[in-house]
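Note that the protein sequences, when read in sequence, are chains F and E. Residues in the first sequence are numbered consecutively from 1, following the working numbering. Residues in the second sequence are numbered consecutively from 1, following the working numbering. Where is the CB? At the ideal position from N, CA and C, for every residue including glycine. Here the structure is a predicted model, which is why all the values come from computation and not from measurement.
Protein chains: 2
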Amino acid sequence: MRVLITGAAGMIGRKLTESIATRASLGEREVSALDLADTLVPTAPDDAPGGLRLAADIAAPDTAARLVANRPDVIVHLAALPSAGAEDFFERGYAINLDGTRSLLDAIRAEAHSAPYHPRLIFSSTIAVFGAPFPDRIGDDFLAAPLTSYGTQKVMGELMISDYSRRGFLDGISLRLPTICIRPGKPNLAASGFFSNILREPLIGQEAELPVPETTRHWFASPRAAVGFIHHAADLDLARLGPRRALNMPGVSATVAEQIDALRRIAGEKATRLIIRKPDPKIAAIVAGWPRDFDTRRASELGFRADAGFDDILLAHIEDELQGSLPVNART
Amino acid sequence: MRVLITGAAGMIGRKLTESIATRASLGEREVSALDLADTLVPTAPDDAPGGLRLAADIAAPDTAARLVANRPDVIVHLAALPSAGAEDFFERGYAINLDGTRSLLDAIRAEAHSAPYHPRLIFSSTIAVFGAPFPDRIGDDFLAAPLTSYGTQKVMGELMISDYSRRGFLDGISLRLPTICIRPGKPNLAASGFFSNILREPLIGQEAELPVPETTRHWFASPRAAVGFIHHAADLDLARLGPRRALNMPGVSATVAEQIDALRRIAGEKATRLIIRKPDPKIAAIVAGWPRDFDTRRASELGFRADAGFDDILLAHIEDELQGSLPVNART
């Protein structure tokens, strides 16, 4: 089958591309062609299936029509202006996150005018659709009340995907991803960055700052788990979801103290000493408004699987990013 | 102050216009100018405040800019393609209900470029944002999961209004209105029409068909209560809502049997004999997917008030639509 990934140059996009190349499939089905689009031309491993490698702005006119012209069987729509960007650039956020998604849906609908076309659409949504106040564990029936423009635009995309699916224009699912941890790469300035920094940096012998109390609890999935959700969503019979096509993905609820305990078990006490307590009330206040835990019954019943815990999240990171071993200077 | 009503020729729009004319105010504040817009030129009572009387398509370019050019202090946005229309005309529904609302929000934002402008925006939303399955009583934290394109577009409007309010572009509130009963006028073919027909027609000595069992429970507000919500929303300090600017309005939860009991008390046994049982499984199936009851704690704490019960709903209808008395042939 033919698969299209938008936002293919992003972190999840690259990991998904790699895993499709390795498995030669998305879910259980063989991938014969893989179209990749992003604002910069996405790269792919040599063994990835051939297909378009497209630099395109999803918010520009005609981009969506070009993307679906080859009639991909599965579209994984990851392209987005992330949280801080959509907050800083109001119009651009609505253009990319709302109009970009809508233009993709409408291009699919238009493509069906010439001959039947009813692709699977997998949309990456986020726990940023939730805003405080909420219960300690958020259930599947809890309202989406975002506190950012990004979260607002993601819920709007979810709603359209449920409606377009109900109307028979496509077969869509929205995956509300937990905070991804450990994010590979360099430390970044996102308010959530420290959750990854305090594990990733000590694993390679570098210091990292912790701006919040160790009692801070949050909701996590590894990059590997997130890619696994997408593979699973590609195979699933979405009729089982009924009309509610947005799902809270399973994750690991953990405190910073539990993250650090896992780091200690995997990399030793010395690694944990590289975490520098540097309280930042501003970041602590932002994080206090984030979800801490979920009861993801629907997703679990549909077969979506979380990481087993933070030890596994650390081990997956070491396998995937550090060639399976820790640098000598990080060992106890 | 200056007030703009979009969809002013609709049922709620006309009743709101009349009440503004009668009170010479919206909420507690005097109305010096009243702009009315709809697809056909709206009419107003002679004693209504002067202002624009505009035939305009809210989905057309520049309509929104024209509407806000006079900088109304309060905008009551009622214009919409209703449920059946948005289901039958997919693109038109998104154009009017989503793009129309968004263009109004963006016109407000653009108007503020030349000089500060931060109007109150009151958006008529609907319990059609909810879709089965739901609990017997829907609480304030329950998710919006619409089963119609109309409901989808209304939630999307709510989300934008919360986001634009949070960003400081306007001061918005979305009122999720119960099913309006008794709708004045003629019987119509909407699936919900019978809830009004079985009261309104017998009150004037006419027969009306009942397509569902008498045990059917639903959620209602009179036109008078709906207009009252808008007056109340015009005065309210919306900072009290926090970032969640969409509110389930209070209403009356009643079965069809309770409706008929009220009709018997107000108009006598003879009136109830004009209700013809004519079961329609298709309508019964649609109505089975509708909300039955709400716990509207937030709205009640903010001072929104429902009708006291169906006797009051009937008496209000007789006062407002039948000059305060029943025709002789409808009396017992």
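Buried or exposed (CB count within 10 angstroms, at least 16 for buried), residue 285 of chain F: exposed
If we ignore side chains and look at the alpha-carbon of each, how far apart do residue 252 of chain E and residue 295 of chain E end up? 11 Å
Between residue 127 of chain F and residue 212 of chain F, which are expected to be in contact by the criterion C-beta below 8 Å, what is the C-beta distance as a whole number of angstroms? Incorrect: roughly 17 Å between the Cβ atoms, too far for contact.
In the DSSP assignment, the alpha helix (DSSP H) including residue 177 of chain E goes from what residue to what residue? Here residue 177 of chain E belongs to no alpha helix (DSSP H); instead the beta strand (DSSP E) covers 171-177.
Nearest-angstrom Cβ-Cβ length linking residue 333 of chain F and residue 108 of chain F, presumed shorter than 8 Å: Any property of residue 333 of chain F remains undetermined from this structure, which presents chain F solely from 1 to 332.
What residues of chain E sit near residue 141 of chain F, judged by a beta carbon separation below 7 Å? 142 and 143
Return the bridge partner residues of residue 77 of chain E from the DSSP annotation. E/6 and E/123
Which residues in chain E sit within 8 Å of residue 31 of chain F, going by Cβ to Cβ distance? Within 8 Å Cβ-Cβ: nothing; residue 31 of chain F doesn't reach chain E, min ~32 Å.
Closer than 9 Å, Cβ to any Cβ of chain E: which residues of the region 204-227 of chain F, in chain order? none
Pick helix, strand or coil for residue 214 of chain E, following the three-state DSSP scheme. coil
Can you name the residues of chain F whose CB is closer than 7 Å to the CB of residue 61 of chain E? Within chain F, no residue comes near residue 61 of chain E; the closest Cβ sits about 16 Å away, beyond 7 Å.
Taking residue 343 of chain F as part of the alpha helix (DSSP H), name the residues at either end of that continuous run. With chain F running from 1 to 332 in the structure shown, residue 343 of chain F is simply not present.
Could you pull the start and end residues of the beta strand (DSSP E) that residue 255 of chain E belongs to? 252-255
What do you get for residue 303 of chain F, buried or exposed, if any count of 16 or more other CB atoms within 10 angstroms of its CB means buried? exposed
Tell me which residues share the same chain as residue 57 of chain E and place their Cβ nearer than 7 Å to its Cβ, disregarding the 5 neighbours each side in the sequence. 39 and 63
Burial state of residue 237 of chain E (16 or more Cβ within 10 Å): exposed
Consult DSSP for residue 29 of chain E and reduce its assignment to one of helix, strand or coil. strand
Amino acids of chain E, ordered along the chain, whose beta-carbon sits closer than 8 Å to that of residue 104 of chain F: Those do not exist, as residue 104 of chain F stays about 14 Å from chain E at its closest Cβ, beyond 8 Å.
C-beta atoms of residue 220 of chain E and residue 313 of chain E nearer than 8 Å: yes
How many angstroms separate the CA atom of residue 343 of chain E from the CA atom of residue 227 of chain E? With chain E covering only 1 through 332, there is no way to say anything about residue 343 of chain E.
Are there 16 or more other CB atoms within 10 angstroms of the CB of residue 301 of chain F, so buried, or fewer, so exposed? exposed
Going by DSSP in three states, residue 246 of chain E sits in which element: helix, strand or coil? strand
CB contact below 8 Å: residue 130 of chain E versus chain F: no
For a contact defined as C-beta to C-beta under 7 Å, what are the partners of residue 249 of chain E on chain F? Within chain F, no residue comes near residue 249 of chain E; the closest Cβ sits about 16 Å away, beyond 7 Å.
Candidates E/17, E/59, E/36 and E/137: which alpha carbon is nearest residue 293 of chain E's? E/137
Give the residues of chain E in contact with residue 90 of chain F, contact being defined as C-beta atoms less than 8 Å apart. 167
Could you round the C-beta distance between residue 229 of chain F and residue 175 of chain F to whole angstroms and report it? I think they count as a contact, below 8 Å. 5 Å
Look up residue 221 of chain E in the DSSP assignment and give the residues it is bridged to. E/180
Anything in the region 149-179 of chain E with a Cβ closer than 8 Å to a Cβ of chain F? List those residues in chain order, please. 149, 152, 155, 156, 159, 160, 162, 163, 166 and 167
Using a Cβ-Cβ cut-off of less than 8 Å, list which residues of the region 75-100 of chain E approach chain F; keep chain order. 90
For a contact defined as C-beta to C-beta under 8 Å, what are the partners of residue 243 of chain E on chain F? 131, 145 and 147
Among E/87, E/42 and E/320, which residue has its Cα nearest to the Cα of residue 10 of chain E? E/42
Assess contact between the region 161-180 of chain F and the region 141-150 of chain E, defined as three or more Cβ pairs (one per stretch) separated by less than 8 Å. Is contact present? yes
Would you say residue 299 of chain F lies against chain B (beta-carbon separation less than 8 Å)? Of the protein chains in this structure, namely F and E, none is chain B.
Rounding to the nearest angstrom, what Cα-Cα distance links residue 71 of chain F and residue 115 of chain E in this structure? 48 Å
At which residues does the beta strand (DSSP E) containing residue 54 of chain F begin and terminate? 53-55
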